[in-house]
């Protein structure tokens, strides 16, 4: 019998608002431990939470980005449990009335587009951060004790729950990757997997191929990269399939991905089996989203990655290049370059190649450089009409990114313009012909090989500034 | 995920478990007292079940208010030394807590 995997993903995204969800402490990951805390986020008795309006609107934006319905009447709830990184002994979350429901996300797979349902997007607050001390390599299982920093406690956190609509680890990866692109495009989170501002858990069960029921489900935690998500799911598929084939049962449990060992491990908490005893949060009044508010948020929704991709394809890029441009921070520059008259393919090449390489080398991003769409258009025109060689264009771009001016200005100031004017170059060509009578004789006999040598001589005599194509033409006539 | 919310009058209440979930330590005598008292309270609340609530909107909050917000601006935080002075134990400006997980 063959088995197929049934995979659902739960994603948490920290919003990058200025202040926390329920208090005015800053959301800032670089601060000294326990400096961004106040009575509200420390859960001191009597402190009262007040909801951050921007966080609610950003949650609505995520909902719209995932094709959800925004729920008109929604309520915050208390989720009661004890854990050292949660100072109140409850987390303010949403339960039976989340803000966004019934969405979906289309992902590209090898078999074409697959629609993955989004059950809900709800708002909650993040917990503090714990570091585990003692034992082997900071793993929670081996720690002697832990240290808690509450700076992160109370950071607006979105929980995005998918339907169990994915069948392969690659689909799960594509889902998370597209979700991340959307969050980035919306500008509501930096969604950094390595810093934990975007994290995901997986639910996976196996069933006989072609059946519709659900097997026993295992939850996997601690997957910190797209790669570990894929590897953990692959490992679980193998582990569960083996159990089932051997006639054993899969145990419903939470398993921890151990990156170093490359396997999932059963993880038991000292806490009793969870019973969260949810109830409506008495310190917060309900949320009422009317049509006018929803329309206002919708009107501010930026272009989504899928829309950007199809727009770039309409501008003449192949799907792969369109995805590359849409994925980086280069989308706006690309559009501006094309509007300024740049050839789309050439602009895409510059942006996804040299511009990205340069900004990565210099630890910045394209939007933070002085580069404009006009510059890119100018650069590709100058290269197209022979005024810049490929290598000179690359050099010019570097100086433009460094803030030395437009490509025209830089090329002029740094003397990088090719001699592409026939009149100007003719003098040098005449000189080279006069200096190389033997080669000229061979050329006259029809020896084409010698032409390359003569072009080289022209390049040398011009200090590398001659347009080799034009030089060749002039020499041949 | 929300489960079926319909409340039926509980026959047995595991007081010890309820106390554990709430991190309240009770003596054997206290367990006995609450074991007798809690069902009475729940019975009382369960009388609501008998009412005809068809057509009545669920209430999550007693106040006739919605959408109480603050703008997304940063305010003052507490002094760290003062905050940490309340902790039983600290290290590197953080709260020290006992080990969290059992052996796998």
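Protein chains in written order, with our numbering: chain D, 1 to 477; chain W, 478 to 581.
For every residue, glycine included, the Cβ atom is placed at its ideal position computed from N, Cα and C.
- Among the residues facing chain D, residue 577(W) is included, as its CB has a counterpart in that chain under 8 Å away.
- Residue 503(W) has a beta carbon lying at 8 Å or more from every beta carbon in chain D.
- Within the same chain, 149, 151 come within 7 Å of residue 33(D) by CB-CB distance, once the 5 residues on both sides are set aside.
- For residue 17(D), a Cβ of chain W is located within less than 8 Å of the residue's own Cβ.
- Any Cβ of chain D closer than 8 Å to the Cβ of residue 537(W) would place that residue at the interface, and such an atom is present.
- For residue 520(W), the enclosing alpha helix (DSSP H) begins and ends at 505-523.
- Closer than 7 Å at the C-beta level to chain D, one finds these residues of the stretch 560-571 of chain W: 560, 561, 568, 569, 570, 571.
- Listed in chain order, the non-local C-beta contacts of residue 140(D) below 7 Å within the same chain comprise 132, local neighbours out to five positions each way being set aside.
- Bounds of any beta strand (DSSP E) do not take in residue 177(D); it lies within the alpha helix (DSSP H) bounded by 169-186.
- When secondary structure is reduced to three states using DSSP, residue 81(D) falls in the coil class, being assigned neither helix nor strand.
- The Cβ atoms of residue 376(D) and residue 337(D) lie closer than 8 Å to each other.
- In the DSSP secondary-structure assignment, residue 203(D) is bridged to 8(D), 219(D).
- Scanning its chain for C-beta atoms nearer than 7 Å, with the 5 sequence neighbours on each side dropped, one finds around residue 192(D) the residues 198, in chain order.
- Contact between the stretch 20-37 of chain D and the stretch 252-270 of chain D is absent: fewer than three C-beta pairs spanning the two stretches fall below 8 Å.
- Looking at 496(W), 518(W), 575(W), the one whose alpha-carbon comes closest to that of residue 508(W) is 496(W).
- Residue 115(D) is classed as exposed because its beta carbon has fewer than 16 other beta carbons within 10 Å across all chains shown.
- For the stretch 71-148 of chain D, the full-length beta strand (DSSP E) segments reaching 3 residues or more read 76-80, 90-94, 100-109, 112-125, 129-133 along the chain.
- One alpha carbon belongs to residue 568(W), the other to residue 158(D), and they sit about 31 Å apart.
- The residue from 11(D), 58(D), 102(D), 347(D) with its alpha-carbon nearest to that of residue 21(D) is 58(D).
- When the Cα atoms are used, residue 413(D) and residue 374(D) turn out to be separated by approximately 19 Å.
- 8 Å or more divides the Cβ of residue 221(D) from the Cβ of residue 252(D).
- Scanning chain W for C-beta atoms nearer than 9 Å to the C-beta of residue 288(D) yields 543, 544, reported in chain order.
- Spanning the alpha carbons of residue 529(W) and residue 514(W) requires a straight line of approximately 27 Å.
- Exclusion of the five residues before and after residue 258(D) leaves 265 as the residues of its chain whose Cβ lies within less than 6 Å of its Cβ.
- Residue pairing from DSSP places residue 575(W) in a beta bridge opposite 145(D).
- Chain-ordered, the chain D residues with CB closer than 7 Å to the CB of residue 552(W) read 24.
- For residue 258(D), the enclosing beta strand (DSSP E) starts and ends at 253-258.
- Given a length threshold of 4 residues, each whole run of the alpha helix (DSSP H) inside the stretch 403-438 of chain D is given here in chain order: 407-413, 422-435.
- Taking C-alpha positions only, residue 318(D) is separated from residue 349(D) by approximately 12 Å.
- A residue is called buried when at least 16 other Cβ atoms come within 10 angstroms of its Cβ; residue 549(W) meets this threshold and is buried.
- Under the Cβ criterion of 8 Å, residue 53(D) is counted among the residues facing chain W.
- The CB of residue 530(W) never comes closer than 8 Å to any CB in chain D; the least such distance is about 16 Å.
- Cβ-Cβ separation between residue 1(D) and residue 208(D): approximately 5 Å, consistent with a contact (criterion under 8 Å).
- DSSP, reduced to helix, strand and coil, places residue 226(D) within a helical segment of the structure shown.
- In the three-state reduction of the DSSP assignment, residue 198(D) falls in the strand class.
- The alpha helix (DSSP H) runs lying completely inside the stretch 241-327 of chain D and spanning 4 residues or more are 291-299, 305-314, 319-327, given in chain order.
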